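Start counting the sequence shown at 61; every next residue gets the next number (my numbering). No residue lacks a Cβ here, since even glycine has one placed at the ideal position from N, Cα and C. On a predicted model such as this, the values are computed, not experimentally measured, just so you know. I have placed the structure first, in the form of structure tokens, so that the comments after it can refer back to it.
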Amino acid sequence: MAEPRIRLGMVGGGEGAFIGAVHRIAARLDDRYELVAGALSASPDKAARSAEAIGLPPGRSYPDYRSMARAEAARPDGIEAVAIVTPNHMHAPVAEAFLEAGLHVICDKPLTATLAEARRLRDKARASGLIFAVTYNYSGYPLVRHARAMVQAGELGAIRVVQVEYPQDWLAGPLEASGQKQAEWRTDPARSGAGGCVGDIGTHAYQLAHFVTGMAPEQILAELTSFVPGRRLDDNAQILLRYGNGARGALWASQVAPGCDNGLRLRVFGEKGGLDWSQEEPNQLLWSPLGEAPRLIRRGTAAVNAAGQRVSRIPSGHPEGYLEAFATIYAEVAEAILARRKGAPLDPMVSFPTIEDGFAGVAMVEAALRSHAAGGLWVTAEP
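Okay, structure coming up:
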């Protein structure tokens, strides 16, 4: 008999929110969750309208997250996990409320708006023993999993160079002045945190590089720029990375790069060969063994290793993309929650970003801000 679906709640993600709909689709794609409750907006009226629009029962639509946490924790059929899809400044208080209610947490990135919040939340999550996932969704792509397994197996040899970039162009003009909701809050320090582009997409690039290589830099040097006049947060970040094994890296994140839609790209070079993967062409990975012709590995083919195959859903030649990668994170978290339900050990192949990955991203942003403020000095990111 199939396991009952995981009862999921959501905070944020109401009318006009992009990422809330993505989370809902991702949670349902593999039929592992049922969305049964929500506090979908800080506005009670908008929350009620949003809940009705997506079919939540009227009695499970809440005017605020605190009342939702209390009520759902007290119900015999209450939620088992909550998805947090609010602007960044609300991640910490919402997550803390649901951890205190004894519920698992799936939180959008970055983890929090400040390092102090991230540290407090990490400590609370560790002490709770609950599952805490952070949706760095790009680590869900099959060929990203394949690349990671290649590095772990030593196929690249010792890693020497890590190059990761994430350019976009959607904030190349003062879009926030038009009232566009996403641009408004992402460029507002009170809601986004002190890091703009570096926190929004730079953390994605940073986590992807760490996920594939298994390495975290010991020191970083950053230059953050706000190119659009009047913008209060950075819209371009250039960061150098020093790794403990002697490897060197660079991270570029930009939201003012015309012609770039969502250009997340990772290149990893070791003493035996190099890997090249791009999010806009996610179903192929270029593997270049030293001294041999480069080889194009395609998702769904026999060339993909077990790590990539286990998170691939459809046959070769059919594009598998952003929503499926996002769904992989939800599916992996579902495996962890179901293992807890049954008191069973978790399959060691299951992998998803945790509170530790979330903390590392916020620590990187804080270190980048310190480095930039000091005029571009090498600084250490808090582990």
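Sheet register partners of residue i (DSSP bridge)
i	result
A313	Y226 and A297
T285	N296
W347	L335 and R355
I166	A143 and A193
L326	V224 and W337
Q279	R302
V439	I280
R308	V221 and R302
T172	Answer by DSSP bridge pairing: none, since T172 is not bridged.
T388	BP columns for T388 are empty, so no partner.
T414	A193
C-alpha gap between residue i and residue j, whole angstroms
i	j	result
V439	D124	40 Å
F78	V142	18 Å
W312	G319	16 Å
V288	S127	40 Å
H149	A178	11 Å
Q369	A363	10 Å
V316	Q339	18 Å
R308	E140	42 Å
G98	I357	41 Å
T174	A441	14 Å
A391	P234	38 Å
P147	W245	7 Å
A394	I66	7 Å
G274	R109	44 Å
L231	E75	22 Å
W337	L268	11 Å
G69	P153	16 Å
D260	A276	19 Å
S103	K402	38 Å
Y303	E112	50 Å
V425	H264	11 Å
G73	L301	35 Å
D20	R292	The chain is shown from 61 up to 443; residue 20 falls before or after that span and cannot be answered.
H270	L398	27 Å
A133	S121	14 Å
A218	L345	19 Å
A367	A385	14 Å
M409	A62	21 Å
G435	S376	49 Å
R208	N197	15 Å
Residue from the options with nearest C-alpha to residue i
i	options	result
S372	Y201, A129 and D91	Y201
L171	G436, A155, Q315 and R126	A155
H378	W347, P349 and P342	P342
G381	V204, Y266 and R180	V204
V96	V71, P104 and L159	V71
G421	P443, L437, A404 and S411	P443
Q212	N365, A385 and V425	N365
Q298	G304, S286, G290 and R292	S286
G162	K184, H151 and R180	K184
A157	S188, R135, D137 and D105	S188
Check: residue i C-beta below 7 Å from any heavy atom of the ligand MG
i	result
A423	With respect to small molecules bound, the structure shown includes none, and the ligand MG cannot be examined in it.
Cβ contact (3+ pairs, closer than 8 Å) linking the stretch 161 to 170 and the stretch 188 to 199
yes
Quick check for students: name the residue ranges of the beta strand (DSSP E) that lie wholly in the stretch 120 to 146, counting only runs of 3 or more.
141 to 145
Does the stretch 104 to 118 come within contact of the stretch 416 to 427, defined as at least 3 CB pairs closer than 8 Å?
Contact between the stretch 104 to 118 and the stretch 416 to 427 is absent, because fewer than three Cβ pairs lie under 8 Å.
Taking contact to mean 3 or more Cβ pairs, one atom from each stretch, closer than 8 Å, check whether the stretch 249 to 256 and the stretch 347 to 362 are in contact.
With contact defined as three or more Cβ pairs closer than 8 Å, the stretch 249 to 256 and the stretch 347 to 362 are not in contact.
Within the chosen definition, does the stretch 422 to 437 reach the stretch 273 to 282 through at least 3 CB pairs nearer than 8 Å?
yes
Cβ contact (3+ pairs, closer than 8 Å) linking the stretch 322 to 341 and the stretch 215 to 229
yes
Residue ranges of each alpha helix (DSSP H) run of no fewer than 4 residues wholly in the stretch 65 to 130, ordered along the chain?
78 to 89 and 104 to 114
Just to confirm the assignment: which complete beta strand (DSSP E) runs, minimum length 3, are found wholly within the stretch 214 to 275?
219 to 227
Contained alpha helix (DSSP H) runs [length at least 4] in the stretch 361 to 407, N- to C-terminal order
366 to 369 and 382 to 402
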